[in-house]
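Shown next, in structure tokens, is the structure this report addresses.
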Amino acid sequence: MPAMTREPTSYPYRFERTTDVSSLRARFGSLEEGAESGESVAIAGRIATVRGQGKVAFADLKDATGRIQLFARQDDLGDEGMAEFKALGVGDIVGAEGEVMKTRRGELSVKLKRTTLLAPCLRPMPDQWHGITNVEVRYRQRYLDLLMNPDAVRMVEARAQVNSTIRSFLNDRGFSEVETPLLHPIAGGAVARPFVTHHNSLDMDLYLRVAPELYLKRLLIGGMEKVYELNRSFRNEGVSARHNPEFTMLEAYEAYVDYDDTMALVESLVRAIAEALLGGLQLDIDGTVVDLAQPFKRMSMFEAIEASSGHDLRGVWESRDRNALASAARAAGVGVEDGSPLGKVLGDIFEATAEKRLIEPTFVVGFPKDISPLAKDHRSIEGFTEHTDLVLAGIEIAPIYSELNDPAEQRARFEQQARSRASGDLEALVADDDFLEALSYGMPPAGGFGLGTDRILMILLGAPSIREVILFPTLKPGV
RNA sequence: GGGUCGCUAGCUCAAUUGGCAGAGCAACGGACUCUUAAUCCGUAGGUUCAGGGUUCGAUUCCCUGGCGACCCA
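This note's numbering applies: residue 52 is where the first sequence begins, and numbers increase by one.
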């Protein structure tokens, strides 16, 4: 613990700024060396570096828009003002008033008339030159990461850009942003394990949502035709470079269209996001250039598996030959449990062999019914649904469905999921009778999709881990 | 769940074969009237992640645990 020697008697309540650093640079950047502008300004920020020089001294002040030099002269400040300035240390938050000028060495500066300590930094700041490299410190003390590392700030801004791009894209197309519950009496809408919590006065368990899907569909039943929710959802599963227990995604639903229409919508949205973030559609994925301007590829799950492993599993699938499929799975390094439905085995093979090889944007069209209990039956492939996953950079970023709207079929799917759960699959969907009742009032045909915003940020920013794009990723408490 | 690696001052990192725990930056005190990773002199700062073991002696070797990273399932 460092000595906390400076205990100010009060922390000021506000400081009247007249401008910020980037505005100063824009207005006065062309001042001549040694010239004084004659203009007084008041700025505020954090002291980044200090350079004492006897009866003059320099400091760099950093605000959200940039960094600028403060120039203190004893002749201007007097003994007391100079002493106050020299008492400032790296990390202190100060207000600075003075005249804009440029030093003889050509550094745009504010020649101080007065400084005000607004909030002291009581601890030593990280090394100015090396910053913070320990990722654990960067995640646990993200404020230090933001102060030291421009990439961390870029991440925050990029997420804001993605969110606003999504909102304007969908709002422009007539979608309404809605908010549905995070606390669910039944955790539905995704094949995932939920977090459980408890409501004391109702004396009932509630689940943090794993997806907003079933509530958004209730809105379609209620007559809304285009809705979306930028939502935080929660899945009680392993933590990895691609999984955080809480994560952000978009879900959107549009009545009277099918998944072909929705694929086109998602394709446009992904381009809009890339354009907003990167200013173009060329993407560098670990050295591979991907051009998002090209039409996204479409292939079936069988084609994707065949392309990566050379095995055509169509015949095996059509013959429902469990042993043949299981041996294909073992060949792909996938473990098969006795009770696993064939569709799950096929999906696991796809994930293990093909998914990570799909670098260019690819719609994998058609998912087995067993692992897609909320999508309509496929029009032509037996045992499949109209469920597409958009894969980019080897990562699934967007599931897209022709939404299942037949209550009897939905009930049958829930029953199938219940059998999976009974045989040990804790991720299987729990039947939601309230949702079935809603469906029985009639839901229009609809296309819907999800888009993992954390994952798309990772891909577009080239982040190696999801923790790089989540401000405060879930970690065990430190020691 | 399995494997590998990491954890030393606020930060970035050293410490020879197991032999006095150090440097730079930051902090604190001093010098210096155009510096910009300022410079110079000085001061202070440590449960070496925790606990145990081996040893005359452990940051170092061994065991258990914690946290994190990467890879695999």
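Virtual Cβ for every residue (Gly too), placed ideally from N, Cα, C. Since this is a predicted model, take the numbers as computed values, not measurements.
- Scanning the segment 268–352 for uninterrupted beta strand (DSSP E) segments of 3 residues or longer gives 277–285, 297–306, 333–336, 339–342, 348–351, listed from N- to C-terminal end.
- Taken atom to atom, the span from the alpha-carbon of residue 332 to that of residue 340 is near 10 Å.
- A direct Cα-Cα distance of roughly 22 Å separates residue 363 from residue 447.
- The straight-line gap separating the alpha-carbon atoms of residue 75 and residue 216 is approximately 29 Å.
- Ranking 498, 86, 170 by CA distance to the CA of residue 64 puts 170 first.
- Remark: C-beta atoms of residue 233 and residue 269 do not approach each other more closely than 8 Å.
- Three or more Cβ pairs closer than 8 Å define a contact, and the segment 343–361 falls short of that threshold against the segment 485–492.
- Bounds of any beta strand (DSSP E) do not take in residue 462; it lies within the alpha helix (DSSP H) bounded by 458–473.
- With a beta-carbon spacing of about 5 Å, residue 121 and residue 147 fall inside the 8 Å limit used to define contacts.
- The beta carbon of residue 104 sits closer than 7 Å to no other beta carbon from its chain once the five residues preceding and following it are set aside.
- Distances from the alpha-carbon of residue 327 to those of 385, 432, 511 put 511 closest.
- Unbroken alpha helix (DSSP H) stretches of 4 residues or longer found wholly inside the segment 488–522: 504–512, given in chain order.
- For the options 177, 281, 113, the alpha carbon positioned closest to that of residue 161 is the one of 113.
- Residue 194 sits in a helix when the DSSP states are folded into three classes.
- The residue among 411, 410, 414, 374 with its C-alpha nearest the C-alpha of residue 396 is 374.
- When only Cα atoms are considered, residue 207 and residue 172 end up about 23 Å apart.
- Per DSSP, the continuous beta strand (DSSP E) segment holding residue 256 begins and ends at 255–259.
- Counted as a single uninterrupted DSSP element, the stretch harbouring residue 117 is not any alpha helix (DSSP H) but the beta strand (DSSP E) occupying residues 117–124.
- Across the set 441, 317, 385, 337, the C-alpha of 441 shows the shortest separation from the C-alpha of residue 351.
- Nearest Cα to residue 307 within the set 459, 322, 408, 495: 495.
- Annotation: the continuous beta strand (DSSP E) that includes residue 104 extends over 87–104.
- The C-alpha of residue 404 is placed about 31 Å away from the C-alpha of residue 304.
- Ranking 483, 214, 294, 166 by CA distance to the CA of residue 66 puts 166 first.
- According to the DSSP assignment, residue 527 belongs to no beta strand (DSSP E), since it is labelled neither H nor E.
- Around the beta carbon of residue 189, 16 or more other beta carbons lie within 10 angstroms, which makes this residue buried.
- In the DSSP assignment, residue 450 falls within the unbroken beta strand (DSSP E) covering 446–453.
- Sequence-distant Cβ neighbours of residue 480 in its own chain, meaning closer than 7 Å and more than five residues away, are 239, 242, 424, 465, 468.
- For residue 223, the enclosing alpha helix (DSSP H) begins and ends at 201–223.
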